[in-house]
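Peer 1: The structure is given below, and queries will be raised subsequently.
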Amino acid sequence: MSSPIVKLVAQRIALGILLLLAVSVLIFAGTQILPGDVAQAILGQSATPESLANLREQLGLNQPAYIRYFHWLGGVLTGDLGTAMSSGQDIATSIKERLWNTLFLAFWAAIVAIPLAITLGLIAVRYRNGWVDKLISGVALASTSFPEFFIGYLLVFYFAVQHQWFPAISTVYDGMPLGERLQAIALPAAALTLVVLAHMMRMTRAAILNVMQSAYVETAELKGLSAAAVIRKHAFPNAIAPIINVVMLNLAYLVVGVVVVEVIFVYPGMGQYLVDHVTKRDVPVVQAVGLIFAAVYITLNIIADIAAIVANPRLRHPK
Amino acid sequence: MVDGKAKSGPLLDIRNLRIEATVYPPGEAPRTITLVHDVSLTLEKGKVLGLIGESGAGKSTIGLSSMGYGRGGVRITGGEVILNGRDILTGGKEGLRKLRGREVCYVAQSAAAAFNPAHRLMDQVVEATLLHGTATRAEAEKRAVALFRKLSLPNPETIGERFPHQVSGGQLQRVMTAMALCSEPDLIVFDEPTTALDVTTQIDVLSAIKDAIRDTHVAALYITHDLAVVAQVSDEIMVLRHGRLVEWGGTHQIIKEPRQEYTNALVSVHQIEHQEQQPGTTPMLSVKNVTAAYGGGHVKVLKNVSVDIFPGQTLAVVGESGSGKSTLARAITGLLPPEKGSVVFDGRTLANRLADRPKEDLRQLQMIYQMADVAMNPRQTVGTIIGRPLEFYFGMKGRERDKRVAELLDEIEMGKGFVDRYPAELSGGQKQRVCIARSLAAKPKLIICDEVTSALDPLVAHGILKLLLNLQQIEKVAYLFITHDLATVKSIADSIAVMYRGEVVRYGSKSKVLTPPFDAYTDLLLSSVPEMEIGWLEKAIKGRRMESAGN
Chain A
501 MSSPIVKLVA
511 QRIALGILLL
521 LAVSVLIFAG
531 TQILPGDVAQ
541 AILGQSATPE
551 SLANLREQLG
561 LNQPAYIRYF
571 HWLGGVLTGD
581 LGTAMSSGQD
591 IATSIKERLW
601 NTLFLAFWAA
611 IVAIPLAITL
621 GLIAVRYRNG
631 WVDKLISGVA
641 LASTSFPEFF
651 IGYLLVFYFA
661 VQHQWFPAIS
671 TVYDGMPLGE
681 RLQAIALPAA
691 ALTLVVLAHM
701 MRMTRAAILN
711 VMQSAYVETA
721 ELKGLSAAAV
731 IRKHAFPNAI
741 APIINVVMLN
751 LAYLVVGVVV
761 VEVIFVYPGM
771 GQYLVDHVTK
781 RDVPVVQAVG
791 LIFAAVYITL
801 NIIADIAAIV
811 ANPRLRHPK
Chain B
19 MVDGKAKSGP
29 LLDIRNLRIE
39 ATVYPPGEAP
49 RTITLVHDVS
59 LTLEKGKVLG
69 LIGESGAGKS
79 TIGLSSMGYG
89 RGGVRITGGE
99 VILNGRDILT
109 GGKEGLRKLR
119 GREVCYVAQS
129 AAAAFNPAHR
139 LMDQVVEATL
149 LHGTATRAEA
159 EKRAVALFRK
169 LSLPNPETIG
179 ERFPHQVSGG
189 QLQRVMTAMA
199 LCSEPDLIVF
209 DEPTTALDVT
219 TQIDVLSAIK
229 DAIRDTHVAA
239 LYITHDLAVV
249 AQVSDEIMVL
259 RHGRLVEWGG
269 THQIIKEPRQ
279 EYTNALVSVH
289 QIEHQEQQPG
299 TTPMLSVKNV
309 TAAYGGGHVK
319 VLKNVSVDIF
329 PGQTLAVVGE
339 SGSGKSTLAR
349 AITGLLPPEK
359 GSVVFDGRTL
369 ANRLADRPKE
379 DLRQLQMIYQ
389 MADVAMNPRQ
399 TVGTIIGRPL
409 EFYFGMKGRE
419 RDKRVAELLD
429 EIEMGKGFVD
439 RYPAELSGGQ
449 KQRVCIARSL
459 AAKPKLIICD
469 EVTSALDPLV
479 AHGILKLLLN
489 LQQIEKVAYL
499 FITHDLATVK
509 SIADSIAVMY
519 RGEVVRYGSK
529 SKVLTPPFDA
539 YTDLLLSSVP
549 EMEIGWLEKA
559 IKGRRMESAG
569 N
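In order, the protein sequences belong to chains A and B.
Just so we're aligned, residue 501 is where the first sequence starts under our numbering, counting upward by one.
Just so we're aligned, residue 19 is where the second sequence starts under our numbering, counting upward by one.
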């Protein structure tokens, strides 16, 4: 790899780290300005002023905010996310399992959704403005327009209640065989796929159609290439950067936007965990989950940027 | 070559070709317009037919019909296109795909745009050959390397490994010719293959194309608007106008004894007699030792440039692309602040940065650009466009402004009917006139004209140059005229600066600069301008003293 790419990639990564730090400040500040007092929340209304003062001292709440921030940040960097106030459990341990569940679900949804969306986009371009194109666009748009909970319940009604092909509740546990696990997540994965499909498919279509105006596409047609070959060989490689961008945005959504779907299917993932602890006002957990979501989002976007840089022949092969 | 097909008779026989397109004018019902009206032509094996005409003449449309291809919504609605003894229009899509890239190949105007930026050159060059199965990959690549060598490309063995952006424009145009020749077609359609190139590069590419056609015995349709270019390569020439045939004959007959008035107008040299003015005593604008660079000083594009412009006179800046002509304009206007040196206007030094200049300085220096259509807001009417500087610089309003707009429209020889039109409703020449009126509205002392006639047809460009000279008489405005076209320079300049790689290599009054002895570069520039003379190309190549920069 040549030096301009290395430089650009290093820049993106450095920028991403900086951004993540900024987000951590925001998250910390955001939870600080929320009304309420952690010590009060833990001990309840009947606490004596002495015990409140003791607990504050113990939790370090008397220190200035920036010291507490660095304390928190230092913990995060060493893998210590603190303890949950509501249960007293170590946050890192509880999150680990849940994060893995969420990533598992997102992974399988992506495995189905991304190739499907890109293939449908290519087909829509091939038969553009014909009935195939309109059908694909119409169905994809409809599936996106429905709220996810509606799609979720529809899937449950049809596949779980009427036909009982898949479970309505996605219970997973440690040591569950892969086959069963996949069956358990089939419905939430399908719901997620339907939600993200249209966006990726329409962006693929638009990006390729944009490239189809180019002179080199005409050159390919005048060489006698078939319409499908022109799209696959000459249009698609030049539309890859915007497609990667939208794919990564949707991947990020699969991880951080699954809250509703997880709640519907009672799936033990990050979304469920976050919702539970927001209702309990468990600030350390909300902070930790928020930071992880931000990290996922930023990482995926860095990957999209880097992929777009690497996909550009001008940068890959400088003069 | 396709076996078993009729060997007698012409290679290509187009009969009563009619081509139509549907246009969708805003606010009106779609209607069908006819682009080509019953044109017929024949082309023998191994011969070259030049198709010539101004934009909108239907040259490219006719050329592409030999491949059964209609650009955009263009449809072939009548006539026959008989290639190798069969009507290709009745063969269906599959039949067309089999002949494209095998029997007929295409060389586009801008090879830089016609190559796919994502693939290596070699993959693209042999693609059609492999697709049609006429050779194995190894054979096709060997053939391609031989063609690269024949077209005198540097490093013929390895240039195929490069990506399009790693090769210069002139070289890409030759690679594209090699791509067309690689599948050994019977016919190649050359669509303005040298128009986008500098004169000095054009001559090399033209000569490479001519040799390749001669050695491979391929037939060609050569499409161009430049009669002097087509005269070098064609056996016959067909003159087209508004989709109709004007005149068709041998090259010698067309350029020496044209029978139609329109052909005569194209052939005659449009020299404008312009009496050179002697430089005055004090220059109005002095560029003093200006050095400018892009990329934070990394790429020096102007090196120690000094020129003077006198009141009411024209300084022409000539050179090929990349010589720093337009950068000089950017440095003068403050768009690119010079690193060293200064620009003195009317006895005072102008601020380096555009943002630091007072409104009065901005008013005194106006610009006209090459692409008139992108230099205007498409949502504004002609009246608004010309009226804007009047409001901005002079605070004119209402009737006073409208009166001045009408005067300016008169000066650019466009009647009152144009005030309420939008740019999209104007022709290329009219758009450029509106841009001229807009710059004049500011009553500047200097107008910088950046390749203002390059995108226009020769006859239209001629009109624009005459207009600019007339306006100079009336308004006493000075021009800094940036161009690569030496014919234009001769018509309009009082003094000339020849630029080469960021430096002024020759500078002085027009008569002095254009009188021998020449330096090597000026000689190259002058000798590269195509002349309407059969055999000029060979003479010019032989007489050159230096290689062009594009090589």
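For glycine and all other residues, C-beta sits at the position ideal for the given N, C-alpha and C.
Since we're looking at a predicted model, the values are computed, not measured.
Would the beta-carbon of residue 216/B fall within 8 Å of that of residue 339/B?
Peer 2: Contact flag set, yes.
Peer 1: In whole angstroms, what separates the C-alpha of residue 103/B from that of residue 74/B?
Peer 2: Straight-line Cα distance between these residues: approximately 30 Å.
Peer 1: According to DSSP, is residue 525/B helix, strand or coil?
Peer 2: Correct three-state label for residue 525/B: strand.
Peer 1: Whole angstroms is fine: what's the gap from residue 593/A's alpha carbon to residue 527/A's?
Peer 2: Going by the C-alpha atoms only, they are around 21 Å apart.
Peer 1: Start and end of the alpha helix (DSSP H) containing residue 538/B?
Peer 2: Note, residue 538/B: alpha helix (DSSP H), 538–546.
Peer 1: How close, in whole Å, do the beta carbons of residue 624/A and residue 705/A come, if the pair is a contact with beta carbons under 8 Å?
Peer 2: Residue 624/A to residue 705/A, Cβ: 5 Å. Contact.
Peer 1: Helix, strand or coil, according to DSSP, for residue 552/A in the structure here?
Peer 2: Correct three-state label for residue 552/A: helix.
Peer 1: Taking the CB atoms as reference points, tell me whether residue 774/A and residue 789/A lie closer together than 8 Å.
Peer 2: Contact flag set, yes.
Peer 1: For the alpha helix (DSSP H) holding residue 806/A, just list the boundary residues, first then last.
Peer 2: Residues 783–811.
Peer 1: With three or more beta-carbon pairs closer than 8 Å as the criterion, would you say the segment 384–404 of chain B touches the segment 462–475 of chain B?
Peer 2: In short, these stretches touch, since the Cβ pair count reaches three.
Peer 1: Given a cut-off of 8 Å, decide if residue 318/B and residue 572/B are closer than it, judged by their beta-carbon atoms.
Peer 2: Only positions 19 to 569 of chain B appear in this structure, which leaves residue 572/B out of reach.
Peer 1: If I follow the unbroken beta strand (DSSP E) through residue 322/B, where does it start and stop?
Peer 2: Residue 322/B -> beta strand (DSSP E) spans 317–327.
Peer 1: Residues of chain B with CB closer than 7 Å to the CB of residue 737/A, please, in chain order.
Peer 2: Ordered by position in chain B, the residues that pass the 7 Å Cβ test against residue 737/A are 136.
Peer 1: Under 8 Å, Cβ to Cβ, is there at least one residue of chain B near residue 630/A?
Peer 2: Answer no: the Cβ-Cβ gap between residue 630/A and chain B never drops below 8 Å.
Peer 1: By how many angstroms is the C-alpha of residue 598/A removed from the C-alpha of residue 754/A?
Peer 2: Going from the Cα of residue 754/A to the Cα of residue 598/A covers about 14 Å.
Peer 1: Where does residue 181/B fall in DSSP's three states?
Peer 2: Three-state DSSP puts residue 181/B in coil, outside helix and strand.
Peer 1: Which of helix, strand or coil does DSSP assign to residue 83/B?
Peer 2: The answer is helix: DSSP assigns residue 83/B an H, G or I state.
Peer 1: Could you check whether the Cβ of residue 719/A sits closer than 7 Å to any heavy atom belonging to the ligand ATP?
Peer 2: The model on display carries no ligand, and the ligand ATP is accordingly not part of it.
Peer 1: Beta-carbon of residue 145/B versus every beta-carbon of chain A: anything under 8 Å?
Peer 2: Judged by the 8 Å Cβ criterion, residue 145/B is in contact with chain A.
Peer 1: Mind checking who residue 265/B pairs with in its DSSP beta bridge?
Peer 2: Per DSSP, 257/B.
Peer 1: Identify which residue in 602/A, 539/A, 664/A and 634/A has its Cα closest to the Cα of residue 556/A.
Peer 2: Residue 539/A is the option with its Cα nearest to residue 556/A.
Peer 1: Do you know how far the Cα of residue 62/B is from the Cα of residue 164/B?
Peer 2: Answer to the nearest angstrom: the Cα atoms are 26 Å apart.
Peer 1: Can you check whether the C-beta of residue 658/A is within less than 8 Å of a C-beta belonging to chain B?
Peer 2: Output row for residue 658/A: interface = no.
Peer 1: Using only the alpha-carbon positions, how far apart do residue 380/B and residue 364/B sit?
Peer 2: Rounded to the nearest angstrom, the two C-alpha atoms are 13 Å apart.
Peer 1: Of all Cβ atoms in chain B, is any one closer than 8 Å to the Cβ of residue 722/A?
Peer 2: Yes, because at least one Cβ of chain B sits closer than 8 Å to the Cβ of residue 722/A.
Peer 1: Taking C-beta pairs closer than 7 Å, name the residues in chain B that residue 715/A reaches, listed in chain order.
Peer 2: Under the 7 Å cutoff, chain B gives 126, 128, 131 and 132.
Peer 1: Which same chain residues end up closer than 6 Å to residue 174/B when comparing Cβ atoms and leaving out the 5 residues on each side of it in sequence?
Peer 2: For residue 174/B, where only same-chain residues beyond five positions count, the Cβ hits under 6 Å are 163, 166 and 167.
Peer 1: Would the segment 98–114 of chain B and the segment 142–162 of chain B be scored as touching if the rule is three or more Cβ pairs under 8 Å?
Peer 2: Segments in contact, no.
Peer 1: Under a Cβ-count criterion, where at least 16 other Cβ atoms within 10 Å of its own Cβ denotes burial, should residue 762/A be classed as buried or exposed?
Peer 2: By the neighbour-count rule (16 or more Cβ atoms within 10 Å), residue 762/A is buried.
Peer 1: Name the chain B residues that come within less than 8 Å of residue 732/A, Cβ to Cβ?
Peer 2: The contacting residues do not exist; residue 732/A stays about 12 Å from chain B at best.
Peer 1: Flag residue 187/B as yes if its beta-carbon sits less than 8 Å from any beta-carbon of chain A, otherwise no.
Peer 2: No, residue 187/B does not count as interfacial toward chain A.
Peer 1: With distance defined between alpha-carbon atoms, name the residue in 569/A, 791/A, 757/A and 808/A nearest to residue 523/A.
Peer 2: Comparing Cα positions, the closest option is 791/A.
Peer 1: Taking the continuous alpha helix (DSSP H) assigned at residue 699/A, which residues delimit it?
Peer 2: Where residue 699/A is concerned, the enclosing alpha helix (DSSP H) stretches over 678–712.
Peer 1: Just to confirm before moving on: does the CB-CB distance between residue 69/B and residue 256/B stay below 8 Å?
Peer 2: Yes. Within cutoff.
Peer 1: Using a 10 Å radius around the Cβ and a threshold of 16 neighbouring Cβ atoms, would you call residue 785/A buried or exposed?
Peer 2: Residue 785/A comes out buried.
Peer 1: So for residue 307/B, helix, strand or coil by DSSP?
Peer 2: Here residue 307/B sits in strand by DSSP.
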